[in-house]
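Chains as they are written, first to last, in this note's numbering: chain A, 50 to 501; chain B, 50 to 501.
There are 2 protein chains.
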Amino acid sequence: MEITKEELILEVLRQEKPDFHDFSTTELADFLNDYDEYSNVIIEILEPHRAVKTLKFLDLRVQKKLIHTLPSNIVATLIQNMHFDDRTALLSELTSESVKKLVLFLSPEDRIETLALLGYPEDSVGRLMNPDYIEVKDYFTIQDALNKIRKLGRTIENINFIYIIDDSERLIDDINLKELLIASPETRLSELMDKKYIALNVTDTQESASSVFRKNNRAVLPVVDHDGILLGIVTIDDILRVQSEEDTEDIQKIGGTEALDEPYMNTAFFELMKKRAPWLVILFLGEMLTATAMSFFQDEISKAVILALFIPLIISSGGNSGSQASTLIIRAMALGEITFADWWRVMRREIFSGLVLGTILGSIGFLRIVIWSSVSPIYGEHYILVALTVAITLVGVVLWGSLCGSMLPLLLKRIGADPAASSAPFVATLVDVTGLIIYFVVASLLLSGTLL
Amino acid sequence: MEITKEELILEVLRQEKPDFHDFSTTELADFLNDYDEYSNVIIEILEPHRAVKTLKFLDLRVQKKLIHTLPSNIVATLIQNMHFDDRTALLSELTSESVKKLVLFLSPEDRIETLALLGYPEDSVGRLMNPDYIEVKDYFTIQDALNKIRKLGRTIENINFIYIIDDSERLIDDINLKELLIASPETRLSELMDKKYIALNVTDTQESASSVFRKNNRAVLPVVDHDGILLGIVTIDDILRVQSEEDTEDIQKIGGTEALDEPYMNTAFFELMKKRAPWLVILFLGEMLTATAMSFFQDEISKAVILALFIPLIISSGGNSGSQASTLIIRAMALGEITFADWWRVMRREIFSGLVLGTILGSIGFLRIVIWSSVSPIYGEHYILVALTVAITLVGVVLWGSLCGSMLPLLLKRIGADPAASSAPFVATLVDVTGLIIYFVVASLLLSGTLL
Numbered sequence: 050m051e052i053t054k055e056e057l058i059l060e061v062l063r064q065e066k067p068d069f070h071d072f073s074t075t076e077l078a079d080f081l082n083d084y085d086e087y088s089n090v091i092i093e094i095l096e097p098h099r100a101v102k103t104l105k106f107l108d109l110r111v112q113k114k115l116i117h118t119l120p121s122n123i124v125a126t127l128i129q130n131m132h133f134d135d136r137t138a139l140l141s142e143l144t145s146e147s148v149k150k151l152v153l154f155l156s157p158e159d160r161i162e163t164l165a166l167l168g169y170p171e172d173s174v175g176r177l178m179n180p181d182y183i184e185v186k187d188y189f190t191i192q193d194a195l196n197k198i199r200k201l202g203r204t205i206e207n208i209n210f211i212y213i214i215d216d217s218e219r220l221i222d223d224i225n226l227k228e229l230l231i232a233s234p235e236t237r238l239s240e241l242m243d244k245k246y247i248a249l250n251v252t253d254t255q256e257s258a259s260s261v262f263r264k265n266n267r268a269v270l271p272v273v274d275h276d277g278i279l280l281g282i283v284t285i286d287d288i289l290r291v292q293s294e295e296d297t298e299d300i301q302k303i304g305g306t307e308a309l310d311e312p313y314m315n316t317a318f319f320e321l322m323k324k325r326a327p328w329l330v331i332l333f334l335g336e337m338l339t340a341t342a343m344s345f346f347q348d349e350i351s352k353a354v355i356l357a358l359f360i361p362l363i364i365s366s367g368g369n370s371g372s373q374a375s376t377l378i379i380r381a382m383a384l385g386e387i388t389f390a391d392w393w394r395v396m397r398r399e400i401f402s403g404l405v406l407g408t409i410l411g412s413i414g415f416l417r418i419v420i421w422s423s424v425s426p427i428y429g430e431h432y433i434l435v436a437l438t439v440a441i442t443l444v445g446v447v448l449w450g451s452l453c454g455s456m457l458p459l460l461l462k463r464i465g466a467d468p469a470a471s472s473a474p475f476v477a478t479l480v481d482v483t484g485l486i487i488y489f490v491v492a493s494l495l496l497s498g499t500l501l
Numbered sequence: 050m051e052i053t054k055e056e057l058i059l060e061v062l063r064q065e066k067p068d069f070h071d072f073s074t075t076e077l078a079d080f081l082n083d084y085d086e087y088s089n090v091i092i093e094i095l096e097p098h099r100a101v102k103t104l105k106f107l108d109l110r111v112q113k114k115l116i117h118t119l120p121s122n123i124v125a126t127l128i129q130n131m132h133f134d135d136r137t138a139l140l141s142e143l144t145s146e147s148v149k150k151l152v153l154f155l156s157p158e159d160r161i162e163t164l165a166l167l168g169y170p171e172d173s174v175g176r177l178m179n180p181d182y183i184e185v186k187d188y189f190t191i192q193d194a195l196n197k198i199r200k201l202g203r204t205i206e207n208i209n210f211i212y213i214i215d216d217s218e219r220l221i222d223d224i225n226l227k228e229l230l231i232a233s234p235e236t237r238l239s240e241l242m243d244k245k246y247i248a249l250n251v252t253d254t255q256e257s258a259s260s261v262f263r264k265n266n267r268a269v270l271p272v273v274d275h276d277g278i279l280l281g282i283v284t285i286d287d288i289l290r291v292q293s294e295e296d297t298e299d300i301q302k303i304g305g306t307e308a309l310d311e312p313y314m315n316t317a318f319f320e321l322m323k324k325r326a327p328w329l330v331i332l333f334l335g336e337m338l339t340a341t342a343m344s345f346f347q348d349e350i351s352k353a354v355i356l357a358l359f360i361p362l363i364i365s366s367g368g369n370s371g372s373q374a375s376t377l378i379i380r381a382m383a384l385g386e387i388t389f390a391d392w393w394r395v396m397r398r399e400i401f402s403g404l405v406l407g408t409i410l411g412s413i414g415f416l417r418i419v420i421w422s423s424v425s426p427i428y429g430e431h432y433i434l435v436a437l438t439v440a441i442t443l444v445g446v447v448l449w450g451s452l453c454g455s456m457l458p459l460l461l462k463r464i465g466a467d468p469a470a471s472s473a474p475f476v477a478t479l480v481d482v483t484g485l486i487i488y489f490v491v492a493s494l495l496l497s498g499t500l501l
């Protein structure tokens, strides 16, 4: 039988002098994410650089636990050794009190930088910045630049690009390391410069940064402030993580939940309820209006109970078409394909869509009732009128659903709210109430004198 | 008044000898995505390397149009000059007939490689591979490696890593360019080797590759076949694009639409209907069962019309809780946080969630009816029983909704289908039908002898 890595690690832990050299930091982290009771023991045994690497791969939950329970001298070493962006990610998850305590461990220089980073809004590029880049002047020769890389390279994660700054620290160009290797060593950097570069602004949103990365096929981009002064770099691995988190948030909101802060399985039960109950309650209160709306039509229902049979069919069709429209528009907005300025083009499209889709459903509904009536007396003698009422209502609610679903995300964005909050359930609730009114108004018009 | 880039480009186009040196390729591409009627003119004017860069930033729609309408000698130059992965992305979107015609333009070497790439399944790592990497032998000195980089560097996008292969072309290690720059030039690569590297398998899914990139913080990874032979590299910008596309698909499916192949605004109207109508019709046919279910309870409704008032409230609460559960589980599965093996933990969680959430909604519903009854006679003398019926039903449907919503994605995955197909509307439809049955069964039990 094969022995798993987990069993091997547990085996090592039972030895008198545990030694984890045979395991990679990823393996150790995978293990600790499942067996966090051993995290203190293992992290204390590892050499600092391996401990930091392991820490980096741990779930944030285990990271936080470690930081709170490890002896402070060890925490200090870990935090000092962490990469800048990982450190900021960890710190921004801790309460501000723990942060204050922790930054005391940092060297004065690191502390200033960390606090500066934390001053940027949570979804800004500033929070992803990493000061581990190499800056040079345009009068450097390639040899000077290579010497600087040799000197600083050990501590720097990514040296695909070096950055040229002027005397006031403004970014004036980026140079691909490849170009340095190809040209002769005595060439001055100014000869290689084309003054064309792409930079992010420190206050840009992470979402917009993600689209700059996608559009330009880059693995790392420099970050400048509003004066053009070079502050740091952002690497694409952080962007990949951010994009995945944003998409998770959007999906959860579309499903009618507040976005979870941690993975579903790691979210405490009470926390999960706190994220789900409020939206369910809001939707429930909204949906109560359906009972109110229907109470106005109680007479009609008692005269023609047949009308009640189609209520779920009608309101759900409105809800489904609304849900289609809203998710399409929310996603297109998140990808920057649609902005508020496109509202009229979207509306025109959705009016046509709603009419076509409504006509399809209306026709199926009409045929269903008419055909059924030829074999069963359930829909009474006025079945043609009932079928017509259902069909016309379906066109109306599907059109209305498509319109609401497409316009709500645009409106929310316009007033500065998150478009994803116009979730499928939210649109459905809105459409349910109005759908009922459409149904009973159409019924009154068509059936008065016969059924009503 | 400020003149926009678009106007400037249109201005240049009107000149006798248009010259686009003042515009970046991104600016030109942005322009052409909106004014594709000028794409042939502009692409023909640009020098090949700028034309390729512009082509790369164009929407696939415009790219395809260009490839079909440009003179074949220009197409040949463009395709020859494209980066391998971009070329594969473009070719895999064309019909196989156009592909065959196009690969004729490639040099024999390129052609073989392109066809080999196209042999891999559409969502495999093979489709993202890029053969532009540098491979070396372990007996090379650093100087040898640097010389090879100098020679080949010009044509290669990313040289953060070079790869060491053995005599049978098997990958045996990767070396960071940084290490080459730091050590002395006469060092042999074998001395720098630690034989630790991360590689993707060519048949891995792109989804799993994305998680390897995220986990290991890498910008580029080598790809090997099942014998360990080095075939190419995958760069993280392609992974970022793939991840964004996969998330878009999931979101669209969650909203109850087939995933669109192109951005919402670029999708032809008929195409949009083809993606939306089938699901709406399927849901509509499913929802027809509600009319059938209700026809069994027609007697109850005519005896107690009051019951009909709460139908939308009850079925939508079931649908909303199902939608919450299904989106949470679908996303957690997409991120690899939950697999089928977790079904029992998920089920236990959702049973508790359903009971708690159902009790909250049930209590609100109960209070609403009781309080309203103290000011209005609308719910009749037996309002306490009506309130109790609604409350108990709500606990039942919310529990049932949470269970269906959470178990369906797991089941779909188990049978090899896409979990995201268990969209919010799909779950809602399922829960609507059963919710009605729960409602009328509870009502028969509680109200028989009084209202019924």
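Cβ coordinates follow ideal geometry from the N, Cα and C atoms, glycine included.
Selection from A/I191, A/K264, A/I214, A/F106 that minimises the alpha carbon distance to B/L230
A/I191
Touching by the beta-carbon criterion (3+ pairs, under 8 Å), the region 221-229 of chain A and the region 250-263 of chain B:
no
For a cutoff of 7 Å on Cβ pairs, would you count A/F69 as touching chain B?
no
Would you call the CB atoms of B/A44 and B/V424 closer than 7 Å?
Residue 44 of chain B is absent from the structure shown; chain B starts at 50 and stops at 501.
Taking Cβ positions, are B/I282 and B/N179 nearer each other than 7 Å?
yes
Whose CA, out of A/M322, A/S73, A/L459, A/Q373, lies closest to the CA of B/K324?
A/Q373
Hey, is B/Y84's beta-carbon within less than 7 Å of any beta-carbon in chain A?
no
Does the structure place the region 396-407 of chain A close enough to the region 441-452 of chain A that three or more beta carbon pairs sit under 8 Å?
yes
If you reduce the DSSP assignment to three classes, tell me which class A/V212 lands in.
Sequence inspection shows Tyr at residue 212 of chain A; the Val mentioned does not correspond to that position. The answer is strand: DSSP assigns A/Y212 an E or B state.
Along chain B, in chain order, which residues have C-beta atoms closer than 7 Å to that of A/S412?
Ordered by position in chain B, no residue passes the 7 Å Cβ test against A/S412, which lies about 10 Å from the chain.
So, using beta-carbon positions, are A/T118 and A/E336 closer together than 7 Å?
no
Interface residues of the region 333-358 of chain B facing chain A [CB-CB below 7 Å]:
Against chain A - using a Cβ distance shorter than 7 Å - the residues of the region 333-358 of chain B are F333, E336, M337, T339, A340, M343, S344, Q347, I350, S351, V354, A357, L358.
Span of the alpha helix (DSSP H), counted from its first residue to its last, around A/L361
First, the residue type needs correcting, since residue 361 of chain A is Pro and not Leu in the sequence shown. That run of the alpha helix (DSSP H) goes 360-383.
Rank B/V354, B/A466, B/F489, B/L362 by C-alpha distance to the C-alpha of B/I427 and give the top, closest one.
B/V354
Does DSSP put B/I420 in a helix, in a strand, or in coil?
Helix, per DSSP.
What would DSSP say about A/E294, mapped onto helix, strand or coil?
helix
I need the straight-line Cα distance from B/K48 to B/W328, nearest angstrom please.
Past the boundaries of the shown model lies residue 48 of chain B; chain B is included only from 50 to 501, so the question cannot be answered.
Euclidean distance between Cα positions of B/D216 and B/D276:
In a straight line, the C-alpha of B/D216 is about 13 Å away from that of B/D276.
For the beta strand (DSSP E) holding B/G281, just list the boundary residues, first then last.
279-284
Going by beta-carbon coordinates alone, are B/L280 and B/D274 separated by less than 7 Å?
yes
Close-in-space but distant-in-sequence residues of the same chain around A/H98 (CB under 7 Å, 5 per side omitted)
Excluding residues within five positions, the ones whose Cβ falls inside 7 Å are N130.
Using 8 Å as the threshold, is the region 313-320 of chain A in touch with the region 474-492 of chain A, meaning 3 or more CB pairs across them?
no
Using a Cβ-Cβ distance cut-off of 7 Å, determine whether A/K227 contacts chain B.
yes
Please look up how many angstroms separate the CB atoms of A/M396 and A/M314, rounded, as I've assumed it's under 8 Å.
Not a contact, Cβ separation roughly 41 Å.
Whole-angstrom distance between A/K302 and B/P120, CA atom to CA atom
49 Å
Touch check for the region 334-350 of chain A and the region 259-272 of chain B: three-plus C-beta pairs under 8 Å?
no
Hey, is B/Y313's beta-carbon within less than 7 Å of any beta-carbon in chain A?
yes
Leaving aside the five residues before and after A/D243 along the sequence, list all residues of the same chain whose C-beta is less than 8 Å from its C-beta, in chain order.
D222
Give a yes or no on whether the C-beta atoms belonging to B/G368 and B/V480 are separated by under 7 Å.
yes
List the residues of chain B whose Cβ lies closer than 8 Å to the Cβ of A/A436, in chain order.
Near A/A436 there are no residues of chain B at all, since even the closest Cβ is about 12 Å away, more than 8 Å.
To the nearest angstrom, how far is the alpha carbon of A/T74 from that of B/T236?
28 Å
What residue range does the beta strand (DSSP E) around A/D71 cover?
That residue, A/D71, is in no beta strand (DSSP E); it is neither H nor E in DSSP.
When the Cα atoms are used, what is the spatial distance from B/I52 to A/G454?
36 Å
Nearest neighbour of A/E184, chosen from A/L115, A/K245, A/L220 [CA to CA]
A/L220
Return the CA-CA distance between B/N266 and A/E93, expressed in angstroms with no decimal places.
Looking at the two C-alpha atoms, the distance is approximately 24 Å.
Looking only at its own chain, which residues have a Cβ that is under 8 Å from the Cβ of A/Y188, when we skip the five neighbours before and after it?
R237, L238, S239
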